[in-house]
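The letter at position 1 of the sequence shown is residue 11 when you use my numbering, and the numbering goes up by one with no holes.
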Amino acid sequence: MSEKKDNFEQSMKRLEKIVEELDKGDFSLEDSLQKFEEGLKLGKTCREMLDKAESRVRKLVENEEGSLCEEETDEF
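Written out as structure tokens, the structure reads:
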């Protein structure tokens with residue numbers, strides 16, 4: 011799971027950097043489009059990771075003793 015977190019964190023940092031770079035407007039049109047495309051891909055990847063995490067959280071259920079337990083899933 012640490013690897014997944016690292017991938018999410020790294021992807022978010024890269025996405026933030028791309029946004030900052032594009033905000034400066036120092037790139038040619040072609041370079042800007044390439045960065046924009048990379049940002050869209052990173053955004054999609056991060057969204058998918060968050061969706062999987064949300065799904066995992068939703069699979070937490072209370073057992074008969076009132077404790078939380080996790081149902082088996084291979085999504086993560």
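Think of the CB as a built atom: it goes at the ideal place given N, C-alpha and C, for glycine as much as any other residue. Because the structure is a prediction, the values reported are computed rather than measured.
Leaving aside the five residues that flank T55 on each side, the residues in its chain whose CB is nearer than 7 angstroms to its CB run, in chain order, S21.
D41: member of the alpha helix (DSSP H) spanning 39 to 68, first to last residue. The criterion of a C-beta distance shorter than 8 angstroms is satisfied by L52 and L25. In this structure, the CA atom of R57 is about 26 angstroms from the CA atom of E40.
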